Every structure is written in C-alpha cells, then in structure tokens.
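Residue 485 in our numbering is what sits at position 473 of the sequence shown, and the numbering runs on without skipping anything.
Reviewing the structure listed below.
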Amino acid sequence: RPSFTLGGVGGGIAYNIDEFRDLAGRGLSMSPVHEILVEQSVLGWKEYELEVMRDRADNFVVVCSIENIDPMGIHTGDSITVAPAMTLSDKEYQRLRDMARRIISRVGVETGGSNIQFAVNPADGEVVAIEMNPRVSRSSALASKATGFPIAKIAAKLALGYTLDEIPNDITRVTPASFEPSIDYVVVKVPRWNFEKFPEADRTLTTQMKSVGEAMAIGRTFKEAFLKGLRSLELGRPAQLWPGGKEEADDVLARRLAMADERRIWRVFRALERGWSVDRLHSITRIDRWFLVQFAELNDMAAAVRAGGPKGLTPRVLRDLKQAGFSNRDIAVLSGTSEADVEAAKRQAGIGRVYKRIDTCAAEFESFTPYLYSTFAEECESAPTARPKVVILGSGPNRIGQGIEFDYCCCHAAFALREEGVETVMVNSNPETVSTDYDTSDRLYFEPLTLEDVLEIYQQEECAGAIVQFGGQTPLNLATALKANGVNIIGTSPESIELAEDRKLF
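Structure below.
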C-alpha cells in the first residue's frame, strides 16, 4: 500500500515473491514520498465501515454502519455495500464502535467526522482496523444520504465551536445532532463501471478502485433495496437476470466467480440457476452466507414465476414479488407476458406502492422534510401538497459522458422554479450529487429512473409537468414513453428531442 495515494492507486496483493517485487516497485514510484506499507493479507475477510463524528466536548456518535457484500481484496468503492450492517451481532458491533471511538480520539479528530474501516476474520472474529479517513469522504456522502444526517454541514458547525448537542436536526426539528440516526429500512449502494468504453482494460476488481459512479437504493428489506439498486444502474436489462453471452462450463464459471469483475453478481445468479449450493458459492466467493441465502431466495422466486407463466401471477404471488423488489419489467420477462398486463394485474389485486420518509429516528418523531423512498406496504407518508408542482428527473449514477454537470443543471432548475413559487419534486438515485440533498428541492424521491418508478411518483404528486432536458441521456430516453402515458413534458417536446437525437430522423 503506497503512502499518500487515493483510491488504492499503486496498491495490491502479492501471491508470490515476483508479484511482490513488481507491486513494491510500482508502489514506491507512485507514492509522492516513495514509501509503502507491507501488511498482512486479509484477503477474504469481511469488511465493515463506521461513519463517526466527534466534537470538542468528546461527544461521539456513529452516524451509520456500512457492510461490504464483497470480502476484503476488492476496494470498497467497487463493492456492493449495505447499510446498516446486516451480519454483525450486537456484541461485534459494540466492539467496532468502541474501537472507532478510541481511534478517532487517539488520532486527534476533535471536530468533525471520520470514516473508519475494519476487517473481521469470519473464522475467529479477529478484528483489524484497515483504514481511516479523518475527513468527509465518498463514504460520508453515502452515509449522509442513507440516514438523512448531513455530515458535512454538521462538521462545519463543529469546526466553528458548536457541540453536537447544540446543533438541531433539520428533519425532526426537536432532536439534536447528538441523537444517533436510527433507520427502519435498508440502503444498498451498487457501483457503476464503464469498462465498455475501454475494451482492453483489465476488468478484474482489486484493491484499486475502478468504478466511475454509484447508485443508491432504499427499501424495507435487503432484497427490495438490492433489486432497486441493480435497476438504478440503468444497464437496460431486467435486474436479476444474467445479461446474456455464452454459457460457461462449471469450471470456467467457478474460476470467474473467484476472480471478481463487474459481472460477478450476475454470475452468482447464474450459478444459483444451475443449482449450486450456498456453501459452494461461499467457498468460492467468500461472500457471507446470509447474503447468498437472500440471493438464493430471489432466484427461487424468479424460477417459480418462469415455471408458472402468466397464469401463475396470483395476487399473493404478485404482492410477494413487488415487496421483494421485482419491477413490472422483471415480472413480465420472467412470466412471458407484457408490462402492461403485469401493471393491470397489480392494480386489479389492489397492490399499491406507498412512500416512506427518511426521518433519522425510525418514525419516533414527526418528520418535516419530505425525503422519500417507495415500498409496498400499507401506510403512505408522502402527504403531497396542493401547490403547483413540477418533477425534475436527475441523471442517475455518474458515468463517462453523463456526469456531475447535469446535476448542476437539475439543481439550478429547482432553484429557479422555487423562485417562481413552483414546488419542485426531484427524482434521482445518485448519492454523490447535490440534487439528492434533502434541502435542494421541495420534495426528494430517492428512486430508480425507470418509466414505472417515475410514473408512480408523477401520479402520486399530481404534478403539472416534468422536466427531462437537464438530466442527460437517462431522462431523455424516457421522454417519449412518459408522454405516451399522459405526462406533460415541459419545454422541448419529445418529438423534437427524438429528432435531434436520431441522426437518421434528423
């Protein structure tokens, strides 16, 4: 591990002395101080992160615990992560919490936040601290969006001399920042890669970060958040299905599962479709059995839909599928029917989407900030107003050709509409953006940018129109279908957008 480099640049794992010499030479040249750390390998251990804050009075809070689904050996920026941590016992969590408190105090962070990462040996529970970022980091942004706790804003106030108990919570207005966030939902972050732009690039995921963006999804269960997260990547295919390509032999599939790349999660589902056991997959991937059991249950649900066809979509089955995070498109592809038929069956069965609030307190106190996510339950907490509203579609996860510049446009569209007295409804799935700050727009929906999800929000809020021109290619691709479903596209018409986009039509 080279000193003073970011994103794992120059680091790696050596399996023999020749690889060690190559890695050490490269690391020494990349470090600005020509220094490297040679450490024990923790390959295959479980990886956890704690986002913590401390003030000058030694008040300490854990904002969020984050678990990496992928084991050690893959950079956390390239790993699917989940918050809160799913496989920690309370005793283990308290141990990590105590260690984090001692670390942030010993390092001397007197005001502000830190991201502290741990590796835990699943065989004997041994814990090592592997990294600390004594600042606001990429993980801080994720933790802020996952909990509604504005880490950077509070860190700035702590630097001015406030203490955590003196800073009010914007969302509840009655609790202080010393009140640790409590969440009654699950958040999943999925990285977005752009290897298709670089056909010759090495796709193997290592300790050097290779993703260019990430999507975040929120659900009542891990399954729901996970499938929403895959859907938010905008890869143009049903979330839980293998994306295609040649069928590999079992030995080839096992080898590719062991050497992770960006396609490993779909290979896990391919292996499950072949009847591979959870224990076999665990021995190859080192992914915790709890997550593999969740994936196996999703695979079983998908297999049952394939076997049952359209006639098997009973109200009970449909409700179970929607609560597990399956989209209408997923169900249509699996059952061999159309999305319209799935939507009609869902409505006939009385299966409705509701929206829940991110409130930092698991509904213990009233929430004054409409920061929302969808699920399939009974009570809806969206409480839309009667004011004129416009929905703005964001740009989704960052990628090459669609980056933060589009988020800048979406934010300024929200500011301009607010000045005109129009309520803004922002829809986005990117935790790295300003548009997904809960105070940028009047109402924020952290949802995938798909036709199904956007239409539900538009109808729920009874919007006067939608703005699709500022979010890049993602909302532009939805424009024609949105108009066909009765959405008023404000500004340039979908026909003109299509004319400008399609060279043949132009």
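Each residue gets a CB set at the ideal place from its N, CA and C atoms; glycine is no exception.
Since the structure is predicted, the reported quantities are computational estimates derived from the model, not experimental observations.
(1) Please list the terminal residues of the continuous beta strand (DSSP E) segment that includes Arg369.
(2) When we look at the beta-carbon of Ile412 and count the other beta-carbons within 10 Å, is it buried (16 or more) or exposed?
(3) Can you tell which of Asp353, Glu143, Arg369 has the C-alpha that lies nearest to the C-alpha of Leu49?
(4) Could you check the C-alpha separation between Tyr60 and Ser117 for me, to the nearest Å?
(5) Below 8 Å on the Cβ atoms is my contact criterion, and I expect Val186 with Pro146 to pass it. Report the Cβ-Cβ distance as a whole number of Å.
(6) Counting C-beta neighbours from all protein chains within 10 Å, is the total for Gln471 16 or more, i.e. buried, or is it exposed?
(7) Counting beta carbon pairs with one atom in the segment 353-365 and one in the segment 320-334, are three or more of them shorter than 8 Å?
(8) Just how far apart, CA to CA, sit Ala153 and Asp182?
(9) Of the residues Glu51, Arg292, Cys421, which one's Cα is nearest the Cα of Ala2?
(10) Report the rounded CA-to-CA distance for Lys516 versus Ser508, giving the unit in angstroms.
(11) Secondary structure at Ser126, three-state DSSP: helix, strand or coil?
(12) Can you tell me the Cα-Cα spacing of Gln106 and Ala158, whole angstroms?
(13) What's the gap between the Cα of Gly37 and the Cα of Leu170?
(14) Nearest to Leu108 by CA position, among Glu513, Arg68, Glu63, Glu274, is which residue?
(15) In three-state terms, what does DSSP make of Val132?
(16) Beta-carbon within less than 6 Å of Phe418's beta-carbon, same chain only, minus the 5 sequence neighbours each way: which residues are those?
(17) Check whether the Cβ atoms of Ala426 and Ser447 lie closer than 9 Å to each other.
(18) List the residues that DSSP assigns as beta-bridge partners of Tyr580.
(19) Using 8 Å for Cβ pairs, my map puts Pro460 next to Lys240. What's the rounded Cβ distance?
(20) Report the residue ranges of all alpha helix (DSSP H) runs contained in full by the segment 265-318; include only those spanning at least 4 residues, in chain order.
(21) Under a Cβ-count criterion, where at least 16 other Cβ atoms within 10 Å of its own Cβ denotes burial, should Leu286 be classed as buried or exposed?
(22) Short of 6 Å in beta carbon distance, which residues of its chain neighbour Cys392, apart from the five on each side in sequence? Order them along the chain.
(23) Rounding to the nearest angstrom, what Cα-Cα distance links Phe16 and Ala266 in this structure?
(24) Go ahead and label Ile29 buried or exposed: buried means 16 or more other beta carbons lie within 10 angstroms of its beta carbon, across all protein chains shown.
(25) Counting along the chain, where does the beta strand (DSSP E) carrying Tyr60 start and finish?
(26) Considering only their Cβ atoms, is the gap separating Leu346 from Val317 smaller than 9 Å?
(27) What is the rounded straight-line gap between the Cα of Ser77 and the Cα of Gly124?
(28) Apart from the five residues on each side of it in sequence, which residues of its chain come closer than 8 Å, Cβ to Cβ, to Leu40?
(29) Is the segment 188-198 touching the segment 69-86 in the sense that three or more CB pairs, one from each, lie closer than 8 Å?
(30) Mark Lys103 as exposed unless 16 or more other C-beta atoms lie within 10 angstroms of its C-beta, in which case mark it buried.
(31) Check whether the segment 384-398 and the segment 214-232 are in contact - that is, three or more C-beta pairs closer than 8 Å.
(32) Just to confirm, is the Cβ distance from Pro400 to Gly433 under 9 Å?
(33) Alpha carbons only, please: which of Trp57, Ser379, Tyr174 is nearest the one belonging to Tyr294?
(34) Do Asp90 and Glu274 have their CB atoms nearer than 9 Å?
(35) Over the uninterrupted beta strand (DSSP E) stretch that includes Glu143, give me the two end residues.
(36) Nearest to Met65 by alpha carbon, out of Tyr174, Glu79, Cys373?
To lay it out plainly:
(1) Within the sequence shown, residue 369 is the residue found at index 357, counting from 1. Arg369: member of the beta strand (DSSP E) spanning 366-369, first to last residue.
(2) Residue mapping note: residue 412 aligns to position 400 of the sequence shown, counting from 1. Exposed, by the Cβ-count rule.
(3) Position 37 of the sequence shown, counted from the start, is the residue given in the question as residue 49. Per the Cα distances, Glu143.
(4) As a first step, residue 60 must be located in the sequence shown, where it is residue number 48. As a first step, residue 117 must be located in the sequence shown, where it is residue number 105. Roughly 20 Å between the two C-alpha positions.
(5) As a position in the sequence shown, residue 186 is number 174, starting the count at 1. As a position in the sequence shown, residue 146 is number 134, starting the count at 1. Contact between Val186 and Pro146 is ruled out by a C-beta separation of about 31 Å, above the 8 Å threshold.
(6) Numbered from its first residue, the sequence shown carries residue 471 at position 459. By the Cβ-count criterion, Gln471 is exposed, with fewer than 16 other Cβ atoms from all chains shown falling within 10 Å of its own Cβ.
(7) Output reads yes: the segment 353-365 touches the segment 320-334.
(8) Counting from one through the sequence shown, the residue named residue 153 turns up at place 141. Counting from one through the sequence shown, the residue named residue 182 turns up at place 170. Per the coordinates, the alpha-carbon of Ala153 lies some 17 Å from the alpha-carbon of Asp182.
(9) What the structure shows of the chain is the stretch from 13 to 518, and residue 2 is not part of that stretch, so it cannot be assessed.
(10) For this step, residue 516 is matched to residue 504 along the sequence shown. For this step, residue 508 is matched to residue 496 along the sequence shown. Distance between the alpha carbons of Lys516 and Ser508 is about 13 Å.
(11) Within the sequence shown, the letter at position 114 stands for residue 126. In the structure shown, Ser126 adopts extended strand secondary structure according to DSSP, grouped into three states.
(12) As a first step, residue 106 must be located in the sequence shown, where it is residue number 94. As a first step, residue 158 must be located in the sequence shown, where it is residue number 146. When rounded, the distance between both Cα atoms is 21 Å.
(13) For this step, residue 37 is matched to residue 25 along the sequence shown. For this step, residue 170 is matched to residue 158 along the sequence shown. When the Cα atoms are used, Gly37 and Leu170 turn out to be separated by approximately 42 Å.
(14) Here residue 108 refers to the residue found at position 96 when the sequence shown is read from its first residue. Closest option to Leu108, judged by alpha-carbon separation, among Glu513, Arg68, Glu63, Glu274: Glu63.
(15) For the purposes of this step, residue 132 is taken as residue 120 along the sequence shown, with counting starting at 1. DSSP places Val132 in strand when its eight states are reduced to three.
(16) Position 406 of the sequence shown, counting from 1, holds the residue named residue 418. Ser407, Gly483, Gly484, listed in sequence order.
(17) In the sequence shown, residue 426 corresponds to position 414, counting from 1. In the sequence shown, residue 447 corresponds to position 435, counting from 1. Closer than 9 Å, so yes.
(18) This structure cannot settle anything about residue 580, because the visible part of the chain is limited to 13 through 518.
(19) In the sequence shown, residue 460 corresponds to position 448, counting from 1. In the sequence shown, residue 240 corresponds to position 228, counting from 1. Pro460 to Lys240, Cβ: 6 Å. Contact.
(20) Fully enclosed alpha helix (DSSP H) runs of 4 or longer: 276-285, 290-297.
(21) Counting from 1 along the sequence shown, the entry for residue 286 is found at position 274. It should be noted that the sequence gives Arg, not Leu, for residue 286. Of the residues assessed, Arg286 falls on the exposed side of the cut-off, its CB having fewer than 16 other CB atoms within 10 angstroms.
(22) In the sequence shown, counting from the first residue as 1, residue 392 sits at position 380. The residues are Val366, Tyr367.
(23) Mapped onto the sequence shown, residue 16 falls at position 4. Mapped onto the sequence shown, residue 266 falls at position 254. Straight through space, the alpha carbons of Ala266 and Phe16 are spaced by roughly 36 Å.
(24) Numbered from 1 along the sequence shown, position 17 holds the residue referred to as residue 29. By the neighbour-count definition (other C-beta atoms within 10 Å, threshold 16), Ile29 is an exposed residue.
(25) Counting from one through the sequence shown, the residue named residue 60 turns up at place 48. Membership of Tyr60 in the beta strand (DSSP E) is indicated by the continuous run 58-66.
(26) For the purposes of this step, residue 317 is taken as the residue at position 305 of the sequence shown. For the purposes of this step, residue 346 is taken as the residue at position 334 of the sequence shown. Cβ atoms of Val317 and Leu346: closer than 9 Å.
(27) Indexing the sequence shown from 1 puts residue 77 at position 65. Indexing the sequence shown from 1 puts residue 124 at position 112. Each residue's alpha carbon lies about 17 Å from the other.
(28) Taking the sequence shown and counting its residues from 1, one reaches residue 40 at position 28. Excluding positions up to five away in sequence, the list reads Pro14, His46, Glu47, Ile48.
(29) Judged by pairs of C-beta atoms under 8 Å, the segment 69-86 touches the segment 188-198, as three or more such pairs exist.
(30) Along the sequence shown, one-based indexing puts residue 103 at 91. Exposed: under 16 other Cβ atoms inside 10 Å.
(31) The segment 384-398 is in contact with the segment 214-232.
(32) Within the sequence shown, numbered from 1, the residue matching residue 400 stands at position 388. Within the sequence shown, numbered from 1, the residue matching residue 433 stands at position 421. Yes, Cβ-Cβ distance for Pro400 and Gly433 is below 9 Å.
(33) By one-based count along the sequence shown, residue 294 stands at place 282. The displayed chain sequence assigns His, not Tyr, to residue 294. Nearest neighbour of His294 by Cα position, chosen from Trp57, Ser379, Tyr174, turns out to be Trp57.
(34) Residue mapping note: residue 90 aligns to position 78 of the sequence shown, counting from 1. Residue mapping note: residue 274 aligns to position 262 of the sequence shown, counting from 1. Closer than 9 Å, so yes.
(35) The residue labelled residue 143 in the question sits at position 131 within the sequence shown. That run of the beta strand (DSSP E) goes 139-145.
(36) Taking the first residue of the sequence shown as position 1, residue 65 is located at position 53. Of Tyr174, Glu79, Cys373, the residue nearest in Cα terms is Tyr174.
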